[in-house]
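S.K.:
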Amino acid sequence: MRELSASEIDQHSGNLDKNGFTIVKNAIPPVLLSELREALAEVQSTHDIGYSETSFEGTRTVRIYNLLAYHRAFEKIPVSPVVLPIVARILDSELQLSSLSAICPGPGQEAQPLHGDNQMIPLPRPHIPIAVNSMWALTDFTEENGATRFVPGSHLFDHNPDYDGQYETECAEMSAGSILIWNSALWHGGGENQTDKRRDGIACYYCAGWVRQQENQQLGIPFDRIKQFPRRLQELCGFSVYRGVYGHIDNRDPIQMLGREQKGKMVWQASDSAKERKK
């Protein structure tokens with residue numbers, strides 16, 4: 001995948017700050033797009049995954065959680081050089097992968113209630129960004145097939161939307177291969193699929209390094225599979241330490257459990273080093 005220029009990162013992060021969302025057009029190379037479509041179809045068929053059981057998830061929607069446990073093609077998503085630099089600008093470089101899941105509303109799926117992805121976290125709004133979500137369009141997203149709807153600027157509101165409340169929204173229409181990125185506090189929801197075809201997308205959700213992940217990556221992904229991941233993806237899955245302290249095991253970076261070397265010092269060691277330098 002191509003890398004974003006500094007000006008592109010500035011532009012997209014500025015959109016996120018102001019409006020709460022941005023769209024990176026033609027972000028997924030055709031070869032990767034085909035690979036992800038094939039992997040998704042294979043996983044659904046192999047594991048006989050059907051529609052969800054709750055109205056919020058969508059009783060006409062196929063959802064596949066914990067994608068990293070199913071197929072190696074999905075490993076390329078969280079470390080994307082098109083998305084990760086934008087999200088890291090909003091959060092920080094020590095962010096984590098909160099969840100990676102497929103969301104595919106089928107024909108007849110009703111619109112999802114507007115919500116904020118982080119509204120279950122008891123923080124007064126508005127607050128600093130604590131999570132950023134992204135939706136990878138594997139098919140075209142149109143108003144007719146249920147493209148994501150949102151209320152621009154609502155990440156700055158001082159309250160969450162009422163469940164099933166009626167609000168004026170905009171539609172995130174985009175072609176297959178584009179990626180929608182939004183602040184998790186933004187009011188949004190999947191639209192109604194009024195067509196006879198399924199709308200396929202993959203949600204890659206990131207959180208700040210000090211926030212608990214939606215999916216327990218350390219237990220949900222087979223250890224042997226995680227050991228094959230590139231280091232950056234291992235760190236995103238939680239085999240890392242935030243600010244040299246949060247997430248440590250016996251004062252060590254958990255990345256060592258995967259046979260990797262610890263990069264920097266733990267916070268207490270760094271404090272001693274700083275003290276020595278002042279002498």
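Counting along the sequence shown from 1, when you hit position 15 you're at 15 in UniProt numbering, and nothing is skipped either side. Even glycine gets a Cβ: it sits at the ideal position worked out from N, Cα and C.
Just curious, the alpha helix (DSSP H) that R89 is in, first and last residue?
M.R.: Within the sequence shown, the letter at position 89 stands for residue 89. That run of the alpha helix (DSSP H) goes 84-90.
S.K.: Please say whether G165 and Q112 have beta carbons closer to each other than 8 Å?
M.R.: Mapped onto the sequence shown, residue 112 falls at position 112. Mapped onto the sequence shown, residue 165 falls at position 165. The answer is no: Cβ separation not under 8 Å.
S.K.: Only counting the same chain, and skipping five residues up and downstream in sequence, which positions put a Cβ closer than 6 Å to that of D140?
M.R.: Along the sequence shown, read from residue 1 onward, the residue named residue 140 stands at position 140. So the list reads S175, A176, once near-sequence residues are dropped.
S.K.: Between the stretch 58-75 and the stretch 4-11, do three or more beta carbon pairs fall short of 8 Å?
M.R.: no
S.K.: Applying the 10 Å Cβ sphere with the 16-neighbour rule, what's the burial state of Q262?
M.R.: Counting from one through the sequence shown, the residue named residue 262 turns up at place 262. Around the Cβ of Q262, a 10 Å sphere holds fewer than 16 other Cβ atoms; the residue is exposed.
S.K.: For M257, which of helix, strand or coil comes out of DSSP?
M.R.: Taking the sequence shown and counting its residues from 1, one reaches residue 257 at position 257. Reduced to three states, the DSSP call for M257 is helix.
S.K.: Which whole-angstrom value is the C-beta distance of V62 and Y51, which I expect to be below 8 Å?
M.R.: For the purposes of this step, residue 62 is taken as the residue at position 62 of the sequence shown. For the purposes of this step, residue 51 is taken as the residue at position 51 of the sequence shown. Under the criterion of beta carbons closer than 8 Å, V62 and Y51 qualify as touching, at roughly 6 Å.
S.K.: With C-beta atoms as the reference, is L180 less than 8 Å away from S154?
M.R.: Stepping through the sequence shown from its first residue, residue 180 is reached at position 180. Stepping through the sequence shown from its first residue, residue 154 is reached at position 154. Cβ distance not < 8 Å, so L180 and S154 don't count as in contact.
S.K.: Taking the C-alpha atoms as reference points, what is the distance between H115 and P122?
M.R.: Residue numbering aside, residue 115 sits at position 115 when the sequence shown is read from its first letter. Residue numbering aside, residue 122 sits at position 122 when the sequence shown is read from its first letter. So the alpha carbons of these two residues sit roughly 15 Å apart.
S.K.: Using a Cβ-Cβ cutoff of less than 7 Å, which residues in the same chain neighbour V31 once the five nearest sequence positions on both sides are dropped?
M.R.: Reading the sequence shown from its first residue, position 31 is the one you call residue 31. Excluding residues within five positions, none has a Cβ falling inside 7 Å.
S.K.: Going by DSSP in three states, L114 sits in which element: helix, strand or coil?
M.R.: To locate residue 114, count along the sequence shown from 1; it is residue 114. Under the three-state reduction of DSSP, L114 is assigned to coil, being neither helix nor strand.
S.K.: Can you give me the Cβ contacts of Y163 inside the same chain, cut-off strictly under 7 Å, excluding the 5 residues immediately before and after it?
M.R.: The sequence position of residue 163 within the sequence shown is 163, counting from 1. So the list reads P113, once near-sequence residues are dropped.
S.K.: As a quick exercise: from V132, G20, K25, D17, pick the residue whose alpha carbon is nearest that of L4.
M.R.: The sequence position of residue 4 within the sequence shown is 4, counting from 1. The shortest Cα separation from L4 among V132, G20, K25, D17 belongs to K25.
S.K.: On the DSSP bridge list, what partners appear for Y70?
M.R.: Here residue 70 is taken as the residue at index 70 of the sequence shown, counted from 1. Answer by DSSP bridge pairing: none, since Y70 is not bridged.
S.K.: Specify, as a first and last residue, the run of the alpha helix (DSSP H) that L40 falls within.
M.R.: Here residue 40 is taken as the residue at index 40 of the sequence shown, counted from 1. 30-46 is the extent of the alpha helix (DSSP H) around L40.
S.K.: Rounding to the nearest angstrom, what Cα-Cα distance links E144 and N193 in this structure?
M.R.: Within the sequence shown, the letter at position 144 stands for residue 144. Within the sequence shown, the letter at position 193 stands for residue 193. For E144 and N193, the distance between alpha carbons rounds to 6 Å.
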